[in-house]
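To start, the structure itself, in structure tokens.
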Amino acid sequence: MLTLFTEAVLDIIKHIPEGRVLTYGRVAALAGNPGGARQVSRILHSMSKKYDLPWHRVINSKGRISLLPSMGRELQKALLESEGVEFSGNGALDLNIYMWEKSNSRILPGEDCF
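Counting with this note's numbering, you get residues 1 to 114 for the letters of the sequence shown.
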């Protein structure tokens with residue numbers, strides 16, 4: 001059985017639109033645990049395939065991809081670019097442009113906020 005936090009994280013990530021991103025910390029805050037960014041990372045790592053999550057739309061708070069090259073950094077970048085996301089020369093994307101802003105309040109599992 002999944003925790004309420006995990007259910008909320010899965011639901012939030014499933015609803016991130018193409019061409020938009022959320023940070024690990026923002027997902028955690030929306031799911032009710034503002035300090036849970038690492039938990040979001042673990043959930044993505046262990047559940048992305050099972051729940052068909054758009055994992056590539058979750059990035060770090062600096063607008064960068066956190067994955068190591070051997071873990072899929074280039075794949076994540078390519079998937080985001082295929083959705084129209086542009087990266088600067090230093091490898092970051094502009095969160096002011098690409099951050100999903102519709103998500104502006106805490107979301108509870110089972111709540112239809114989307």
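Ideal placement from N, C-alpha and C gives every residue a C-beta, glycine not left out.
Owing to the predicted nature of the structure, the values given are computational and were not obtained by experimental measurement.
Q: At 4 residues or longer, and completely inside the region 35-90: list those alpha helix (DSSP H) runs for me, N to C.
A: 37-47, 73-82
Q: Can you say whether H45 is buried or exposed, counting buried as having 16 or more other CB atoms within 10 angstroms of its CB?
A: Taking the sequence shown and counting its residues from 1, one reaches residue 45 at position 45. Counting Cβ neighbours within 10 Å, H45 comes out exposed, since fewer than 16 surround it.
Q. Among all the DSSP beta bridges, which residues are the ones paired with T6?
A. Here residue 6 refers to the residue found at position 6 of the sequence shown. Paired residue(s): none; T6 is not in a bridge.
Q: Give every residue of the same chain whose Cβ lies closer than 7 angstroms to the Cβ of H91, excluding the five residues on either side of it in the sequence, and list them in chain order.
A: To locate residue 91, count along the sequence shown from 1; it is residue 91. The question names His, but residue 91 is Gly in the sequence shown. Same-chain partners within the cutoff: R64.
Q. Are G35 and F5 closer than 8 angstroms when you measure CB to CB?
A. Residue numbering aside, residue 35 sits at position 35 when the sequence shown is read from its first letter. Residue numbering aside, residue 5 sits at position 5 when the sequence shown is read from its first letter. Not in contact: G35 and F5 (Cβ atoms no closer than 8 angstroms).
Q | For S48, the nearest candidate out of N33, G32, V9 (CA to CA) | A | Position 48 of the sequence shown, counting from 1, holds the residue named residue 48. Out of N33, G32, V9, V9 has the C-alpha closest to the C-alpha of S48.
Q) Quick one: is E18 buried, meaning 16 or more other Cβ sit within 10 Å of its Cβ, or exposed? A) Here residue 18 refers to the residue found at position 18 of the sequence shown. So E18 counts as exposed.
Q: For the alpha helix (DSSP H) containing N96, list its first residue and its last residue.
A: Taking the first residue of the sequence shown as position 1, residue 96 is located at position 96. Segment 95-98, the alpha helix (DSSP H) holding N96.
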